[in-house]
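Here is the structure we will look at, set down as structure tokens.
Residue numbers (UniProt numbering): 1 to 85.
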């Protein structure tokens, strides 16, 4: 039996849900500048598959790496951690 590799997981905030069954999730990282030492915010966007279409903008979600579903979509929604207020 072949062992499957570990899938990457990310936690981020939904920034767009205007597509059908797709969401855009932004992950914000605080990275220390190599020369000046100041913390800089780096944002990475992921397009994720939302099968039930139940995410709203501002929700905190957990996404997991999956097979490519389209040109830009290779992540899927695992769970909604916190709803937007």
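A virtual CB, placed ideally from N, CA and C, is assigned to each residue, including glycine.
Predicted, not measured: the structure shown is a model, and the values here were computed from it.
{"Asked": "Evaluate the contact criterion for the region 11-26 versus the region 44-59: three or more CB pairs, one atom per stretch, below 8 Å.", "Found": "yes"}
{"Asked": "Where does residue 22 land, buried or exposed, given buried means 16+ other C-beta within 10 angstroms?", "Found": "buried"}
{"Asked": "Drop a sphere of 10 angstroms on the beta-carbon of residue 54, count the other beta-carbons inside from all chains shown, and report buried for 16 or more, exposed for fewer.", "Found": "exposed"}
{"Asked": "Select from 27, 50, 43, 26 the residue whose C-alpha is nearest the C-alpha of residue 19.", "Found": "50"}
{"Asked": "How would you write the range of the beta strand (DSSP E) that residue 72 sits in, first residue to last?", "Found": "No beta strand (DSSP E) contains residue 72, which DSSP labels as neither H nor E."}
{"Asked": "On the three-state DSSP scale, how would you describe residue 46?", "Found": "strand"}
{"Asked": "Taking the alpha-carbon of residue 84 as reference, which of 4, 2, 17 has the nearest alpha-carbon?", "Found": "17"}
{"Asked": "Any idea what DSSP makes of residue 1, helix, strand or coil?", "Found": "coil"}
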